[in-house]
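**Q** Residue numbering for the sequence shown follows the numbering used here, beginning at 212 and increasing consecutively.
Idealized CB from N, CA, C, for every residue including glycine.
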Amino acid sequence: MCGIVGYIGNKKAKPILINGLLRLEYRGYDSAGIATIENDKISVIKNKGRVAELDKVPGINDLQGTIGIAHTRWATHGKPSTENSHPHTDMSKQIAVVHNGIIENYSELREFLQKNGYTFYSQTDTEVIPNLIHYYYEKESENDKELKLLKAVHNTCQDLKGSYALEIISSLLPDKMIVVRKDSPLVIGKSATEKYISSDIPAILSYTKDFYLLNDNEYVILSKTNADFYDKDLNKFNKPVENIAWNAAAAEKEGYADFMLKEIFEQPKSIRETIGSRLTQDGTCNIEGLNFTKEYLESLNRIYIVACGTAMHAGLAGKTIIEKYCNVPTEVDIASEFRYRDPLIDEKTLVIFISQSGETADTIAALKLSKAKGAKTLAVSNVIGSSITREADYTIYTHAGPEIAVASTKAYTSQVVLLAILAIYFAKVLENKKYENEIKELSREILELPSKLEEVLKNVKPIKKFAKKVYTEKDMFFLGRGVDYTAALEGSLKLKEISYIHSEAYAAGELKHGPIALIENGVTVIGIMTDKNLVEKTISNVQEVITRGAKTLIISNQDLGDHKFDNVVTIPETNPLISPILSIVPLQLFSYYISKEKGLDVDKPRNLAKSVTVE
Ligand code: M6R
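1) Is the segment 568-582 in contact with the segment 463-470, if contact means three or more CB pairs nearer than 8 Å?
2) Based on DSSP bridge pairs, tell me the residues matched to PRO470.
3) Would you kindly report the start and end of the unbroken alpha helix (DSSP H) that includes ILE657?
4) Helix or strand or just coil, what does DSSP make of LEU511?
5) Mind checking whether the beta-carbon of CYS213 lies closer than 7 Å to any heavy atom of ligand 1?
6) List, from N- to C-terminal side, the alpha helix (DSSP H) runs of 4 residues or more that fit wholly inside the segment 564-596.
7) Who are the near neighbours of MET740 in its chain, counting only those whose CB is closer than 6 Å to its CB and skipping five residues on each side?
8) According to the neighbour-count rule (16 or more other Cβ atoms, all chains shown, within 10 Å of its Cβ), is LEU343 buried or exposed?
9) Note down, in chain order, each residue of its chain lying with its Cβ closer than 6 Å to the Cβ of GLN478, except the 5 sequence neighbours on either side.
10) Enumerate in chain order the residues of its own chain whose CB-to-CB distance from GLU614 is below 7 Å, with the five nearest sequence positions on each side excluded.
11) Taking only heavy atoms of ligand 1 into account, decide whether any of them is closer than 7 Å to the Cβ of VAL398.
12) Counting C-beta neighbours from all protein chains within 10 Å, is the total for GLN325 16 or more, i.e. buried, or is it exposed?
13) Write down every uninterrupted run of the beta strand (DSSP E) in the segment 754-821 whose length is 3 residues or greater and which is fully enclosed by it, in chain order.
14) How would you label ALA583, buried or exposed, when you count the other beta carbons within 10 angstroms and need 16 or more for buried?
15) Looking at the unbroken alpha helix (DSSP H) that takes in MET523, where does it start and where does it end?
16) Which residues in the same chain have their Cβ closer than 6 Å to the Cβ of ASP742, if we skip the five residues on either side of it in sequence?
17) Taking Cβ positions, are LEU704 and ILE712 nearer each other than 8 Å?
18) Among GLY738, LYS559, TYR507 and LYS480, which one has its Cα closest to the Cα of ALA611?
19) Starting from SER625, trace the alpha helix (DSSP H) both ways and give me its first and last residue.
20) State the CB to CB distance for the pair LYS815 and GLU249, rounded to an integer number of angstroms; the pair is presumed to be in contact (CB under 8 Å).
21) LYS530 and VAL543: beta carbons closer than 8 Å?
22) What ranges does the beta strand (DSSP E) occupy inside the segment 332-390, keeping only unbroken runs of at least 3 residues that lie completely in it?
23) Are ILE533 and LEU424 closer than 8 Å when you measure CB to CB?
24) Give the range of the beta strand (DSSP E) segment to which SER714 is assigned.
25) Return the chain-ordered list of same chain residues with a C-beta closer than 7 Å to the C-beta of ASP370, the five sequence neighbours on each side being excluded.
26) In terms of residues, what are the limits of the alpha helix (DSSP H) holding LYS225?
27) Look at the Cβ atom of GLY440, then the Cβ atom of VAL452, and state whether they are nearer than 8 Å.
28) With DSSP run on the structure shown, which of helix, strand or coil describes GLY244?
29) Measure how close the beta-carbons of ILE514 and LEU555 come, nearest whole angstrom, since I'm counting them as under 8 Å.
30) Answer yes or no: the CB of THR367 versus the heavy atoms of ligand 3, is any distance below 7 Å?
31) Spatial neighbours of GLN799 within its chain, please: C-beta separation below 7 Å, excluding the five flanking residues on both sides.
32) GLU336 and HIS282 look like a contact to me (Cβ under 8 Å); what is the Cβ gap, rounded to whole Å?
33) For the segment 255-271 against the segment 436-450, are there 3 or more C-beta pairs whose distance is under 8 Å?
34) Tell me, please, whether the segment 631-648 touches the segment 499-515 by the rule of three or more beta-carbon pairs shorter than 8 Å.
35) Tell me, to the nearest whole angstrom, how far the beta carbon of LEU690 is from that of ALA719; I am working on the premise that it is less than 8 Å.
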C-alpha cells in the first residue's frame, strides 16, 4: 500500500526522504518518487520500481532542498509507471502533492478541470488534487499567501470523495508544507527545528519520539519550527504532542535475516509486553482504559468480534474464551462481510474490532457502522493513535512493538493473549463465581506463556527439516479441532501468503464430508492436536490421511499413545483455550522456512501490503 514521507527542517531533505521510503518498503509498492523545493522552485524525481533505483536516478543527489515530500506508490488507477508515480504537480508546476488513498470521483473532477483548461499527464486519481488546489488558489481573494493556499486546499478537500492523506508543497509558499488526512493514516514527528511526516510511525521513529497524531479532516501548516492545526471549518486549535515509547531499534532487523524471523523470535518479549501489569500472579486483572460495569456486561445480548485476515483468526481463538467465561453469545465476522450484511446490532451489542495497524479500511468502516447502529465499540490495536483507536469508544493496545513483515506473527499471538485477558476481565466484572478457579488457573497459564514460547523457539530443527522436504509441493492441508482449527486457519494463511503454496485448513471432523477426496499419495497434511479431549479424534483423522499416502507434520503437546508419526513437533502443555499462542509458532516457522527454500522475499510477499487502507 502507498507510503508517505515528508521532511521540513535545516538538513538536506533527500537522504531523510529516501531513508523514510526504505523503511516503508514493507508496505508493498511498485514505484517511488520525491519532490523538494530549492530557490523557490519545485524539483520532482520519480521512477517505476524500487526505492534503491530511485536513489540512482541522475540528479537526485543534487537536490539541496530542506523541505520535501516522498511517496511509494501501489498502483490503483493507472499502471505502475514513472508518469503515474507520485509526487504529482499541477499544470503550472507550482504545487506538488503526494497522496495515499483513493479519490472516487476523480473522473468527474478531471472532466471539470479539463473544461477549465487543465491538462493531465497521468492516469491517476491523484493528479486532480494539485490542479484543483491551483484552480481554487487562483479564484481565492484572500491576500495572505499562507491562508490563501490553505483555503485552496480546504476547498479542494470539500470536492474530494474517497480517502486521502496528503502532503502538499508549493513554490508559492516555499518554506511551508500543508498536510491533511481523511480515512488514511498520517502522523507528524516533531523536534524543535524539524518536522517529519509519515503514513507510518516506524519510518520516522529514529528521528523523534514526539508525535502529533492527525485526525480526519484536520489541516496542518508546517514550518520547521511550527505546526498550526485547523479543524474541518478552518478554525485554529492546539493539538497535544504524544510520546511514542517504541524503540527505534525495534523497527530494525537487528541481525536477523528478515523482519518476519525477527518478529517470530520476539514473541516471548512481545507477549510479556502484552500481559504487562494487566494480570498478576495473585489473580488480579486490570485493563487500562476499560471501565465496564457489571450492569452493562449483564445487559449484553451479543458480542461481535470483527477483523480481517490474521486479526480475524485471533478473534476466532478469543471467541471461545469470551463465550465460555462471559456467557454471552460471541460471533466472529470478517469486516468486509460484516459491513455489508446489515448485522443485528443495537445498544445491547458490544463490537470488538481487532487490527494490528488500526488502519484497515474494512475494519474501520465496520466500526463506523456499529457506532451508527448504537453499539459500544472496543478497539484492539497495536498502533497508538491509529484510526480505529480514535473511532472506538474504548481501546486496548497489544503493545507488541512495530510489526514490519507483511505476514503477521507477533501481532497475532499478542491479540490472542489480550483477548484471553479481556475474557478474564469480563468474567471478573461479571463476578463469575462458576469458573473462579478455572480463571485463576488460566491467568497462571497466561503468565507462563513467554517462557513456554522460549521453549518452542528452541525446537526449530525438525520444522526446518520438514520444510526442506516439502517446499516444492503445490498443495497442503491443515487439520485441527476446536481451537486447533483456529490455529490451522492461521497456519494455512501464513503458508499461502509467503510461500505461494495453495493450502486449506479444515476442521478435522469435516474431512469425511468432502475434503478427504483431495488426499492422495504424497500430499502434505499438518495436524494440530493440543486438546486432551479431542486428541484421539484428530489422531484418527490424521491416520485416515496417512492411509491414503499423505506425508504429515504433527504439532502437539498431548500423549500420542502408541501412534507412530514421522514428524512430530512437541510444544509445551498449556490450557487448550490459549494453545494457539504456542501451536502457531511452529507453523509460522514452517511457512518461513518454505519461503526461504523457495528463495522468495519473505517480508514483502507479492501482491500484498502490510496495511490494507483501501477496500
Ligand atoms: O492491520 P490489520 O490487523 O487490520 O490487518 C488485517 C489483515 O490485513 C492482516 O492480518 C493480513 O491478513 C496479514 N498479512 C496476515 O499475515
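**A** According to the structure shown:
1) no
2) As a first step, residue 470 must be located in the sequence shown, where it is residue number 259. In the sequence on display, residue 470 carries Phe and not Pro. Note: PHE470 sits in no beta bridge, so no partner.
3) Looking up residue 657 in the sequence shown gives position 446. Taken as a continuous stretch (DSSP letters only), the alpha helix (DSSP H) holding ILE657 covers 647-667.
4) Translated into the one-based positions of the sequence shown, residue 511 becomes position 300. Coil, per DSSP.
5) Taking the first residue of the sequence shown as position 1, residue 213 is located at position 2. CYS213: no, Cβ never under 7 Å from ligand 1.
6) 572-583
7) Taking the first residue of the sequence shown as position 1, residue 740 is located at position 529. So the list reads VAL746, THR749, SER767 and GLN769, once near-sequence residues are dropped.
8) In the sequence shown, the residue the question calls residue 343 occupies position 132. Buried: at least 16 other Cβ atoms inside 10 Å.
9) What you label residue 478 is simply residue 267 of the sequence shown in a count that begins at 1. Excluding positions up to five away in sequence, the list reads LYS621, THR624 and LEU664.
10) Counting from 1 along the sequence shown, the entry for residue 614 is found at position 403. Counting only Cβ-Cβ distances below 7 Å, and skipping sequence neighbours, we find GLU474, GLN567, ASN593, LYS621 and ALA622.
11) Translated into the one-based positions of the sequence shown, residue 398 becomes position 187. Answer for VAL398: no, Cβ out of range of ligand 1.
12) Working through the sequence shown from its first residue, we reach residue 325 at position 114. That one is exposed.
13) 762-767 and 778-781
14) Stepping through the sequence shown from its first residue, residue 583 is reached at position 372. Under this definition ALA583 is an exposed residue.
15) Your numbering for residue 523 matches position 312 in the sequence shown. MET523 -> alpha helix (DSSP H) spans 520-537.
16) Indexing the sequence shown from 1 puts residue 742 at position 531. Closer than 6 Å at the Cβ level, and outside the excluded window around ASP742, lie GLY693 and PRO787.
17) As a working note, residue 704 is residue 493 in the sequence shown. As a working note, residue 712 is residue 501 in the sequence shown. Contact flag unset, no.
18) Within the sequence shown, the letter at position 400 stands for residue 611. Nearest C-alpha to ALA611: LYS480.
19) Counted from its first residue, the sequence shown places residue 625 at position 414. Unbroken alpha helix (DSSP H) run through SER625: 621-640.
20) Taking the sequence shown and counting its residues from 1, one reaches residue 815 at position 604. Taking the sequence shown and counting its residues from 1, one reaches residue 249 at position 38. At roughly 33 Å, the Cβ-Cβ gap does not stay under 8 Å, so LYS815 and GLU249 are not in contact.
21) In the sequence shown, residue 530 corresponds to position 319, counting from 1. In the sequence shown, residue 543 corresponds to position 332, counting from 1. Cβ distance < 8 Å, so LYS530 and VAL543 count as in contact.
22) 375-381
23) Looking up residue 533 in the sequence shown gives position 322. Looking up residue 424 in the sequence shown gives position 213. Their beta carbons are not under 8 Å apart, which means ILE533 does not touch LEU424 by this criterion.
24) The residue you call residue 714 lines up with position 503 of the sequence shown. First-last of the beta strand (DSSP E) with SER714: 713-718.
25) On the sequence shown, residue 370 is found 159 positions in, with the first residue counted as 1. So the qualifying residues of the chain are LEU320 and LEU343.
26) On the sequence shown, position 14 is the one that residue 225 refers to. Here the alpha helix (DSSP H) through LYS225 covers 224-234.
27) On the sequence shown, position 229 is the one that residue 440 refers to. On the sequence shown, position 241 is the one that residue 452 refers to. It is worth fixing the name first, because residue 440 is Phe in this sequence and not Gly. No, the Cβ-Cβ distance between PHE440 and VAL452 is not below 8 Å.
28) As a working mapping, residue 244 is identified with position 33 in the sequence shown. It is a strand residue.
29) On the sequence shown, residue 514 is found 303 positions in, with the first residue counted as 1. On the sequence shown, residue 555 is found 344 positions in, with the first residue counted as 1. With 8 Å as the limit, ILE514 and LEU555 do not qualify as a contact, their Cβ atoms being about 12 Å apart.
30) Looking at this structure, you won't find ligand 3 anywhere; what it does contain is ligand 1.
31) As a first step, residue 799 must be located in the sequence shown, where it is residue number 588. Cβ neighbours of GLN799 beyond the five flanking positions: ILE475, THR620 and LYS705.
32) Mapped onto the sequence shown, residue 336 falls at position 125. Mapped onto the sequence shown, residue 282 falls at position 71. Before going further, note that residue 336 is Asp rather than Glu in the sequence given. Rounded, the Cβ-Cβ distance is 14 Å, inconsistent with contact.
33) no
34) yes
35) The residue labelled residue 690 in the question sits at position 479 within the sequence shown. The residue labelled residue 719 in the question sits at position 508 within the sequence shown. Indeed, because the Cβ distance is near 4 Å, the residues count as touching under 8 Å.
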